[in-house]
Amino acid sequence: MDAYPDLPFPRTDLALSAMRFARDIEDPAIFNHSMRTYLFGRCIGEQQGLRPDLDYDDELLFLGCVLHDAGLSDPGDGENRFDVDGADLAARFLGEQGVSPERVEVVWDAIALHLFHEVALRKRPEIALVTAGAGFDLGADGPYTLPAGYADRVHAALPRLHAAAVLFDSIARQALAKPHKAPPYTMPGEFLRQRTGRDWPTWRQLMTQPTGWHDYDGYPPAG
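Residue 62 is where the sequence shown starts when you use my numbering, and the numbers rise one by one after that.
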């Protein structure tokens with residue numbers, strides 16, 4: 062963390078290892094986004110009255126943030142949606158570092174749930190603040206504001222590098238190569254639809270596939 066002396070990152074050996082791991086495998090724009098996610102998530106926690114290492118485990122929050130988009134890296138590109146692939150990669154990395162299964166599970170949940178805002182924000186702070194910080198960095202609406210000048214400090218150390226555009230292209234690229242990673246009605250699926258212009262099947266069409274149970278046979282049209 063020596064490159065960020067004025068920013069409140071945890072500086073444990075595990076945090077440093079996770080930071081180096083993410084930096085080595087991710088696009089710089091995605092890495093910077095992940096680091097900002099922690100800073101903004103922690104700041105949101107402070108506005109909620111949550112104190113690092115008193116009300117939540119600050120190291121776990123950092124691990125969830127810095128690894129939350131690891132599924133968009135080449136090593137993280139598996140056969141699931143990128144959020145689940147990233148959670149799996151993070152779990153493998155942390156297991157190799159000797160992290161206990163209980164702590165690994167918190168990080169896995171934080172990463173796997175970070176696209177499901179309504180769920181994640183109801184979970185423990187180490188999970189909720191990953192979602193809150195990532196959303197804030199990408200312009201999500203919310204009741205929180207940053208201290209004057211704080212965003213400028215963060216962006217000076219961690220430039221945006223077209224973060225939103227790079228994230229879109231990374232998700233869409235995986236989806237184009239492996240469409241099963243972007244099922245209809247998911248965020249990756251929507252990115253794929255926007256990139257290709259294809260139409261998704263309706264609910265009824267999905268339910269009347271050859272393997273369906275014919276639930277619409279004889280069902281009266283909606284009035």
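For every residue, glycine included, the Cβ atom is placed at its ideal position computed from N, Cα and C.
A contact between stretches requires three or more CB pairs, one per stretch, nearer than 8 angstroms, and the region 101 to 111 fails this requirement with the region 79 to 90.
Per DSSP, Phe177 is not a residue of any alpha helix (DSSP H), being assigned neither H nor E. In the DSSP annotation of this structure, Ser134 is not part of any alpha helix (DSSP H), being labelled neither H nor E. Pairing Ile172 with Ala189 gives a Cβ-Cβ distance that is not under 9 angstroms. A straight line joining the alpha-carbon of Leu100 with that of Leu68 spans about 8 angstroms.
Pairing His175 with Gly125 gives a Cβ-Cβ distance under 9 angstroms. Within the region 205 to 237, the runs of alpha helix (DSSP H) that reach at least 4 residues and sit entirely inside it are, in chain order, 211 to 218.
As DSSP reads the structure, Tyr117 sits in a beta bridge with Pro113. No residue range can be given for Gly258, since it is assigned to no alpha helix (DSSP H) and is classified by DSSP as neither H nor E.
Around the beta carbon of Ala131, 16 or more other beta carbons sit within 10 angstroms, so the residue counts as buried. Per DSSP, Pro89 is one residue of the alpha helix (DSSP H) stretching across Pro89 to Gln108. By the CB criterion at 9 angstroms, Val167 and Asp118 fall inside the cutoff. Annotation for Arg81: the continuous alpha helix (DSSP H) segment containing it runs Asp74 to Ile86. In chain order, Glu87, Asp88, Ile91, Phe143, Gly147, Leu228, Ser231, Ile232 and Gln235 place their CB closer than 8 angstroms to the CB of Leu133, counting only its own chain and leaving out the 5 sequence neighbours on each side. Looking at Leu122, Tyr205 and Trp169, the one whose alpha-carbon comes closest to that of Val145 is Trp169. In the structure shown, the three-state DSSP call for Arg153 is helix. Taking every protein chain shown into account, the CB of Ser161 has fewer than 16 other CB atoms within 10 angstroms, so this residue is exposed. Each residue's CA atom was taken as its position, placing Pro282 and Thr257 some 31 angstroms apart. With fewer than 16 other CB atoms across the displayed protein chains lying within 10 angstroms of its CB, Ala238 is exposed. Between Gly194 and Ile105, the beta carbon gap of about 6 angstroms places them in contact (Cβ cut-off 8 angstroms). For Val160, the three-state secondary structure derived from DSSP is coil. Annotation for Trp274: no alpha helix (DSSP H) segment contains it, and DSSP assigns it neither H nor E. Counting along the chain, Phe197 sits inside the alpha helix (DSSP H) bounded by residues Pro186 to Asp198.
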